[in-house]
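Residues in the sequence shown are numbered from 1 upward in steps of one, following the UniProt record's numbering. Glycine included, every Cβ here is placed at the ideal spot set by N, Cα and C. Because the structure is a prediction, the values reported are computed rather than measured.
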Amino acid sequence: MGEKARSDARRAFLCALQNGQVRKGVVSSVVDFGAFVELGGVDGLVSVPNLSWRRFDHPSEVVRVGQEITVTVLQVDVEREQVSLSLKALQPDPLQQFARTQLGRFLSGRVTKVAPIGVFVGVHEGVEGLVPLSEFTAHNIDDPEQVLQLGDEVVVQVVDINIDTRRVSFALQAGKGPIAT
Numbered sequence: 001m002g003e004k005a006r007s008d009a010r011r012a013f014l015c016a017l018q019n020g021q022v023r024k025g026v027v028s029s030v031v032d033f034g035a036f037v038e039l040g041g042v043d044g045l046v047s048v049p050n051l052s053w054r055r056f057d058h059p060s061e062v063v064r065v066g067q068e069i070t071v072t073v074l075q076v077d078v079e080r081e082q083v084s085l086s087l088k089a090l091q092p093d094p095l096q097q098f099a100r101t102q103l104g105r106f107l108s109g110r111v112t113k114v115a116p117i118g119v120f121v122g123v124h125e126g127v128e129g130l131v132p133l134s135e136f137t138a139h140n141i142d143d144p145e146q147v148l149q150l151g152d153e154v155v156v157q158v159v160d161i162n163i164d165t166r167r168v169s170f171a172l173q174a175g176k177g178p179i180a181t
């Protein structure tokens, strides 16, 4: 097939793609900013924010080269021959499910990140929330690492779930630091 014929075939394929369409493809490469997926002559990009609901350090933690995946077409730019795709659009949003949790409920979780503003605690797959620094300063502690370390198991109380901002706030269970193991 000549270059002109390949170009015409690519263009026809791109024109046939529709936003919202669900397609199968094969991961052709994984890069720092996402994963390229071969859709049948055209590669589309699943950018980092569209790979997964859960946190990850590198796209290779979510997909691997050669893996067959099902994606949703987000946007097609025929002129630039670019296709934006989403893997997570086909997965249930864990925050939507978690939002049914009652405020005030106590949950076990694991410290996933320690930051100057507080600690982040993962309580369900794809759901983590912040225990703000104010939770620690009430106990005369200026640095959360004085009490909690990455990986510590803790009991937190659900204080707020904001679907619009995708933020969850927790309080530490009174008098509790890490759970003894």
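Coarse secondary structure for residue i, derived from DSSP in three states
i: E135; result: helix
i: R64; result: coil
i: A5; result: helix
i: I179; result: For I179, the predicted structure reports a pLDDT of 46, less than 50, and the residue's modelled location is therefore unreliable. The matter cannot be settled from this model.
i: R23; result: strand
i: E125; result: coil
i: R110; result: strand
i: R10; result: helix
CA-to-CA distance, residue j to residue i, given in whole angstroms
i: Q18; j: V127; result: 31 Å
i: G129; j: A5; result: 52 Å
i: N162; j: F106; result: 18 Å
i: K24; j: S134; result: 47 Å
i: L103; j: H124; result: 15 Å
i: V62; j: D32; result: 12 Å
i: E81; j: R11; result: 8 Å
i: A115; j: F136; result: 12 Å
i: F13; j: G2; result: 17 Å
i: W53; j: S7; result: 35 Å
i: Q96; j: L148; result: 28 Å
i: D160; j: V37; result: 37 Å
Supposed close pair residue i, residue j - CB separation, criterion 8 Å
i: S60; j: L74; result: The pair is not a contact, with the Cβ atoms about 21 Å apart (cut-off 8 Å).
i: P132; j: S108; result: Not a contact, Cβ separation roughly 19 Å.
i: A16; j: V27; result: Contact flag wrong, Cβ pair sits at about 22 Å.
| Do the segment 90–100 and the segment 33–48 make contact, defined as three or more Cβ pairs closer than 8 Å? | Segments in contact, no.
| request: Mind the definition here: the segment 63–77 touches the segment 139–151 only if three or more C-beta pairs lie below 8 Å; say whether that holds. | output: The count of Cβ pairs closer than 8 Å, one atom from the segment 63–77 and one from the segment 139–151, stays below three, leaving the stretches out of contact.
| query | Whole beta strand (DSSP E) runs in the segment 55–102 with 3 or more residues, listed along the chain? | reply | Runs found: 68–77 and 82–86.
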